[in-house]
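Student:
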Amino acid sequence: MEIAFYLAAIVAVAATARVISCANAVHALLYLIVSLLSVAIVFYTLGAPFAAALEVIVYAGAIMVLFVFVIMMLNLNQETVARERSWLAPRVWIGPGVLGVVLIGVLAVALASGGSMGNVDSTPLMAERIGMTMFGPYVLIVELAAFVLLGALVVAAHLGRDDRDVAEEKRVAAARGRRHPGGEQ
Amino acid sequence: MFGFSTDTLIDFAFTAFETIAILLAVVIAAALLIWVERRLLGVWQDRYGPNRVGPFGILQVAADMIKIFFKEDWIPPFADKAVFVIAPAIIMFTTLMAFAVVPFTETIGVVDLNIGILFVLAMSSLGVYSVILAGWSSDNKYALLGGMRTAAQMISYEVFMGLSLLGVVLLAGSFDLRAIVESQAGMWNVIPQFPAFVIFFIAGIAEIHRAPFDLPEAEQELTAGYHTEYSGMKFGMFFVGEYLGIVLISCLTTVLFFGGWLGPILPGFVWFALKAGFFICFFVLLRAATVRPRYDQLMAFGWKILLPIALVNVAITGAVVVAMA
Amino acid sequence: MLSVLRTIWMTLMHTFRKRDTVLYPEEKPYLPPRYRGRIVLTRDPDGAERCVACNLCSVACPVDCISVVKAEDESGRWYPETFRINFSRCIYCGYCEEACPTYAIQLTPDFEMGEFDRQNMVYEKSDLTISGVGKRPGYNFYRVAGMAVGGKDKGEAENEAAPIDVKTLLP
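So the sequences go chain by chain: A, B and C. Read in the numbering used here, the first sequence has 24 at position 24, and its numbers run on one by one without any break. Read in the numbering used here, the second sequence has 302 at position 302, and its numbers run on one by one without any break. Read in the numbering used here, the third sequence has 24 at position 24, and its numbers run on one by one without any break.
(1) Under DSSP, the beta strand (DSSP E) around PHE141 (chain C) begins and ends at which residues?
(2) Relative to chain C, which residues along the region 135–158 of chain B have a C-beta separation below 7 Å, given in chain order?
(3) Could you check which residue in A:ILE41, A:VAL109, A:ILE33, A:PHE50 has the C-alpha nearest to that of ARG129 (chain A)?
(4) With 16 as the cutoff for other CB atoms within 10 Å, does ALA304 (chain B) come out buried or exposed?
(5) Suppose the cutoff is 7 Å on Cβ atoms and the five residues either side in sequence are ignored; what does the same chain contact list for ALA319 (chain B) look like?
(6) Can you tell me where the beta strand (DSSP E) with SER88 (chain C) in it begins and where it stops?
(7) Excluding five sequence neighbours on each side, which residues of the same chain lie with their C-beta closer than 6 Å to the C-beta of ALA179 (chain B)?
(8) Short of 8 Å Cβ to Cβ, which residues in the region 57–88 of chain A face chain B?
(9) Rounded to whole angstroms, what is the Cα-Cα separation between ALA157 (chain C) and PRO163 (chain C)?
(10) Tell me which residues of the region 82–113 of chain C have at least one Cβ-Cβ distance to chain B shorter than 9 Å, keeping chain order.
(11) Given CYS61 (chain C), which residues of its chain have a CB within under 6 Å of its CB, disregarding the five upstream and five downstream residues?
(12) Residues in the region 175–197 of chain B with C-beta within 9 Å of chain A's C-beta atoms, listed in sequence order?
(13) For the 8 Å Cβ check, are there 3 or more pairs between the region 82–95 of chain B and the region 234–248 of chain B?
(14) On a Cα-Cα basis, can you pick out the residue from C:ARG19, C:GLY37, C:PHE16, C:LEU31 that is closest to THR108 (chain C)?
(15) Against ARG47 (chain B), what residues of chain C qualify as contacts under a CB-to-CB distance less than 8 Å, listed in chain order?
(16) So with CB distances below 9 Å, who are the chain A contacts of ILE132 (chain B)?
(17) Does any residue of chain A bring its CB to less than 8 Å from the CB of VAL128 (chain B)?
(18) At which residues does the beta strand (DSSP E) containing LYS70 (chain C) begin and terminate?
(19) Okay, do the region 137–156 of chain C and the region 84–94 of chain C touch, 3+ Cβ pairs below 8 Å being the bar?
(20) Taking just the CA atoms, how far does GLU242 (chain B) sit from CYS100 (chain C)?
(21) From this set, A:PHE43, A:LEU7, A:ALA14, A:ALA4, which residue's C-alpha is nearest MET126 (chain A)'s C-alpha?
(22) Only counting the same chain, and skipping five residues up and downstream in sequence, which positions put a Cβ closer than 8 Å to that of LEU96 (chain B)?
(23) Ignore the nearest five residues each way along the sequence and tell me which others in VAL149 (chain C)'s own chain have a CB closer than 8 Å to its CB.
(24) Name the one or two DSSP bridge partners that ILE39 (chain C) has.
(25) With a cut-off of 8 Å, do at least 3 Cβ pairs link the region 129–145 of chain B to the region 76–86 of chain B?
(26) Who does THR129 (chain C) pair with in a DSSP beta bridge?
(27) Assign LYS141 (chain B) to one of three DSSP states: helix, strand, or coil.
(28) Taking DSSP as the reference, what is the three-state secondary structure of TYR24 (chain C)?
(29) Going by other Cβ atoms of all chains shown within 10 Å of its Cβ, with 16 needed for buried, is LYS141 (chain B) buried or exposed?
(30) Using a C-beta to C-beta distance shorter than 8 Å, which residues of chain B count as neighbours of LEU12 (chain C)?
(31) Hey, is the region 293–312 of chain B in contact with the region 190–206 of chain B, meaning 3+ C-beta pairs nearer than 8 Å?
(32) By how many angstroms is the C-alpha of ALA53 (chain C) removed from the C-alpha of ASP165 (chain C)?
(33) Assign GLN184 (chain B) to buried or exposed, taking buried as 16 or more other Cβ atoms, counted over all protein chains shown, within 10 Å of its Cβ.
(34) Any beta-carbon of chain A closer than 8 Å to the one on ILE115 (chain B)?
(35) How about SER138 (chain B) and PRO216 (chain B): are their beta carbons less than 8 Å apart?
(36) Which residues in the same chain as SER38 (chain A) place their Cβ atom closer than 6 Å to its Cβ, once the five residues preceding and following it in sequence are excluded?
Written out as C-alpha cells, the structure reads:
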C-alpha cells in the first residue's frame with residue numbers, strides 16, 4: 001500500500017507540473033485528469049475509498065468532461081499552441097515560481113515542526129461515518145452548499161428556458177401532421 | 001517490505017490466474033456476441049445471418065478478427081496522434097476494470113471492493129473520455145458532433161444510473177456487490193425496486209450508447225460519429241468495447257436486481273450466465289425493434305421523466321427503510 | 001411508450017416466423033422461364049443458326065455490349081462472322097430479345113456467371129450458341145421469310161403466294 005501511495009503521489013505531482021507547462025489545452029486537461037485519478041488513489045491508500053470513488057465520479061468523470069467539452073468547442077489550432085508556448089517564456093515563470101517556493105517552504109516548516117501526518121493503511125472511512133459527520137457537526141455547511149447549488153439550478157433553468165410560442169408550435173406540428181396522413185397511428 | 005512468504009506468493013499467483021481467466025472469458029464472450037447479435041438479428045428480421053464459417057457460423061468471429069487485424073491501421077495526418085491512439089484503449093480499459101468488482105458466483109470474482117457500485121460508476125464515467133477524445137482528436141466534424149452528443153448523453157444518464165442504484169444500496173445497506181447479491185436471498189430486488197430497474201436498464205443502454213440510444217454514432221446523420229476516422233484494430237477496440245459494455249450492463253442488472261447467482265437446483269454460475277444471457281438477448285431485441293429518438297427527445301426523456309421517478313424512488317425507499325428499522 | 005413495448009413484442013414474435021431468405025448455393029431459387037439472365041444464340045429446328053446478323057440487337061442495346069460482324073455464305077444467307085457480348089456491361093434488359101426478328105437471341109434463366117478475370121466475361125459466338133431452339137420451338141426464319149436463299153426461291157416460303165409478275169397485265 002505504501003508503494004502505491006508514493007507512486008500515485010509522484011504521478012500526481014508530475015502530471016500537475018505538465019498541466020501547467022503543456023501548450024496544448026486539451027493535453028493539459030488530460031494531464032489534469034490523470035492528476036485527479038492519482039489523487040483518488042492517494043485517497044484510497046489513505047483509507048478513504050468513498051472519497052476516492054467520489055473524486056473519480058464527480059471530478060474526473062463529470063466536471064472534467066465538461067471542461068473537455070468546452071475546450072473542444074473552442075476550435076484550438078496550431079496558432080493557439082504557438083501563442084501558448086510564447087506565453088510560457090522563462091521570465092513569466094519567475095513570479096509564480098517565487099510564490100510557489102514560499103508556499104512549499106511554509107509547508108516544509110509546518111511538517112518539520114511535527115504536525116500529525118496521518119498514516120497509510122489506516123482503517124477505511126466508509127460512507128456511514130462520512131454521512132454521520134456531514135449531517136452531524138457540519139450540517140450547516142452542507143445546508144449552505146445545498147443553497148448555493150439550488151441557486152445555480154434556478155439560474156440554469158432560467159437561462160435555459162424556452163421562450164418560443166407554444167401555440168404557434170402546435171399549429172406548425174398539426175400542419176406537419178396533416179401533410180403525412182396516417183403517420184401517427 | 002518485500003519479504004513475501006510462500007503463502008502470499010501462492011495467493012498472489014492464484015489471484016492473478018483467476019483475474020486473467022475472468023477477463024479472458026469476458027473478452028471472449030464479448031467477441032462471441034458479435035456473432036450472437038448477428039444471428040439473433042437474423043432471426044428477428046426473418047433471415048439467417050452468418051452461417052457459413054464453422055458450425056452455425058460461429059467461427060465468423062475468428063474470420064472478422066483476422067480481417068480486422070490485417071486492415072490498414074491508418075491515422076489521419078490531421079489527427080492528434082497521441083490522443084487518437086489512446087482513446088480506443090480507454091473504453092476497453094474502463095469496461096474491463098468495471099468487471100473486476102462483479103461477483104459471478106459465491107467464489108468467482110476478481111475482488112470484493114467495499115465501494116463496488118461506486119467503482120463501477122466511476123469506471124463508466126471515465127469511459128466517456130474514450131468517445132469524447134476520439135471525437136475531438138479525429139478533427140472531423142461528424143466525429144466532433146458525435147463526441148459532443150456522447151458527453152451530454154453519458155453525463156446525464158450517469159446521474160439517473162447512480163440515483164436508481166441508491167435504492168438497491170439502501171436495501172442492502174452496502175456498496176459491495178457481493179453483499180447486495182446476498183441481501184436478495186429472500187426476494188430479488190426487481191420486485192421492490194422495479195422503477196429503479198427500468199431506469200437502470202435504460203440508463204445502461206444510454207451509457208454504452210447502444211440502439212436505440214446510439215445517437216453518438218447515428219449512421220444516418222453522422223456517418224459513424226466518433227469512430228468515423230478509425231480503422232483496423234483501433235476500430236475493433238471500440239467495437240469490442242461496445243459489446244463488453246453490453247455484457248457489463250447485463251451482468252450488473254443480474255447482480256443488482258435479479259439475485260446474481262442465486263437460484264434453485266442449478267449451480268450458481270449457470271444461473272448467473274442464464275440471467276445475464278437473457279439481458280444480452282434483450283439488448284439485441286431492443287436494437288432489432290426500436291427506433292432512435294431525436295436528440296432533444298433523449299435529453300428531455302432523461303431529465304423530465306427518469307430523474308423525477310428516480311428521485312421519488314430514492315425518497316420512498318429511504319422512508320420505508322427508516323420505518324422498518 | 002406503449003407503442004414501443006408493442007413493437008418489441010411484435011419483433012420478438014418474429015422468432016416463430018418462416019425465414020424469407022433461402023440458403024442460396026444449396027437451395028436454388030425457382031426462376032421462371034422468362035427470367036432475364038444469360039443470353040444465348042439459338043438454332044432453328046434444322047440445326048442451322050438463326051442469327052442473320054441484322055445488327056438490330058446491337059442497335060437496341062442500351063449499353064452497347066453486343067458487337068456483330070456480318071458475313072454471307074455462298075447461298076446468299078447472312079450469318080454473323082463474329083457475335084460478341086460483353087457481359088460485364090450487359091444489364092439484362094432483354095431489349096435485344098425484343099428487337100430480334102428471327103428469335104435467335106434469347107435470355108435464359110441463369111445468372112451464375114461470376115468470373116475472377118473480367119476478360120472472361122466477354123462471350124464469343126461459340127460461347128453463346130446453343131444447340132437447341134430455346135423458347136421458340138419449330139420456328140425457322142428462312143422458311144417463312146420471303147427472301148430467296150439457298151435453294152428456296154421467292155414465293156416458296158410457308159404461307160407465301162407466288163410473286164406477282166409486274167411486267168404483264170394478265171391476272
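Here a beta-carbon is modelled for each residue, glycine too, at the ideal position from N, C-alpha and C.
Tutor: In this structure, then:
(1) By 1-based counting over the third sequence, the position of residue 141 (chain C) is 141. Here PHE141 (chain C) belongs to no beta strand (DSSP E); instead the alpha helix (DSSP H) covers 141–144.
(2) none
(3) What you label residue 129 (chain A) is simply residue 129 of the first sequence in a count that begins at 1. Ranking A:ILE41, A:VAL109, A:ILE33, A:PHE50 by Cα distance to ARG129 (chain A) puts A:PHE50 first.
(4) As a position in the second sequence, residue 304 (chain B) is number 304, starting the count at 1. According to the sequence shown, residue 304 (chain B) is Lys rather than Ala. Classification for LYS304 (chain B): exposed.
(5) Taking the first residue of the second sequence as 1, we reach residue 319 (chain B) at position 319. Same-chain partners within the cutoff: there are none.
(6) By one-based count along the third sequence, residue 88 (chain C) stands at place 88. It is not in any beta strand (DSSP E) - SER88 (chain C) carries neither H nor E in the DSSP assignment.
(7) In the second sequence, counting from the first residue as 1, residue 179 (chain B) sits at position 179. Cβ within range, chain order: ALA172.
(8) ILE57, ALA60, GLY61, ALA62, VAL65, LEU66, VAL68, PHE69, MET72, MET73
(9) On the third sequence, position 157 is the one that residue 157 (chain C) refers to. On the third sequence, position 163 is the one that residue 163 (chain C) refers to. Straight-line Cα distance between these residues: approximately 11 Å.
(10) none
(11) Reading the third sequence from its first residue, position 61 is the one you call residue 61 (chain C). Excluding sequence neighbours, CYS61 (chain C) sits near CYS96.
(12) PHE175
(13) yes
(14) In the third sequence, the residue the question calls residue 108 (chain C) occupies position 108. Nearest option by C-alpha distance: C:GLY37.
(15) For this step, residue 47 (chain B) is matched to residue 47 along the second sequence. Here the neighbours are ARG19, ASP20, THR21.
(16) Reading the second sequence from its first residue, position 132 is the one you call residue 132 (chain B). Here the neighbours are VAL65, VAL68, PHE69, MET72.
(17) Counted from its first residue, the second sequence places residue 128 (chain B) at position 128. Answer yes: the Cβ-Cβ gap between VAL128 (chain B) and chain A drops below 8 Å somewhere.
(18) Here the question's residue 70 (chain C) lines up with position 70 in the third sequence. 66–72 is the extent of the beta strand (DSSP E) around LYS70 (chain C).
(19) Contact between the region 137–156 of chain C and the region 84–94 of chain C is absent, because fewer than three Cβ pairs lie under 8 Å.
(20) Reading the third sequence from its first residue, position 100 is the one you call residue 100 (chain C). Reading the second sequence from its first residue, position 242 is the one you call residue 242 (chain B). Roughly 58 Å separates the two Cα atoms.
(21) Here residue 126 (chain A) corresponds to residue number 126 of the first sequence, with the count starting at 1. The shortest C-alpha separation from MET126 (chain A) is found at A:PHE43.
(22) Indexing the second sequence from 1 puts residue 96 (chain B) at position 96. Closer than 8 Å at Cβ, skipping near neighbours: LEU23, VAL26, VAL27, LEU244.
(23) The sequence position of residue 149 (chain C) within the third sequence is 149, counting from 1. The beta carbon of VAL149 (chain C) sits closer than 8 Å to the beta carbons of SER75, GLY76, ARG77, TYR142 from its chain, once the five residues preceding and following it are set aside; these are given in chain order.
(24) Here residue 39 (chain C) corresponds to residue number 39 of the third sequence, with the count starting at 1. Answer is C:LEU107, bridged to ILE39 (chain C).
(25) Taking 8 Å as the limit for Cβ pairs, the verdict is that the region 76–86 of chain B does touch the region 129–145 of chain B.
(26) To locate residue 129 (chain C), count along the third sequence from 1; it is residue 129. According to DSSP, which records beta bridges pairwise, THR129 (chain C) is partnered with C:LEU41.
(27) As a position in the second sequence, residue 141 (chain B) is number 141, starting the count at 1. If DSSP states are grouped into helix, strand and coil, LYS141 (chain B) belongs with the helices.
(28) The sequence position of residue 24 (chain C) within the third sequence is 24, counting from 1. Coil.
(29) To locate residue 141 (chain B), count along the second sequence from 1; it is residue 141. Residue environment analysis places LYS141 (chain B) among the exposed positions, since fewer than 16 neighbouring C-beta atoms fall within 10 angstroms of its C-beta.
(30) Locating residue 12 (chain C) in the third sequence gives position 12, where the first residue counts as 1. TRP44, LEU285, ALA289, listed in chain order.
(31) yes
(32) The count along the third sequence starts at 1 and reaches residue 165 (chain C) at position 165. The count along the third sequence starts at 1 and reaches residue 53 (chain C) at position 53. Their Cα atoms are separated by approximately 30 Å.
(33) Reading the second sequence from its first residue, position 184 is the one you call residue 184 (chain B). When all chains shown are included, GLN184 (chain B) counts as buried.
(34) Here residue 115 (chain B) refers to the residue found at position 115 when the second sequence is read from its first residue. Between ILE115 (chain B) and chain A, the shortest Cβ-Cβ separation is below 8 Å.
(35) As a working mapping, residue 138 (chain B) is identified with position 138 in the second sequence. As a working mapping, residue 216 (chain B) is identified with position 216 in the second sequence. It is not a contact, given that the beta carbons lie outside the stated cut-off.
(36) Start at 1 with the first residue of the first sequence, and residue 38 (chain A) comes out as number 38. So the qualifying residues of the chain are ALA8, VAL11, ALA12.
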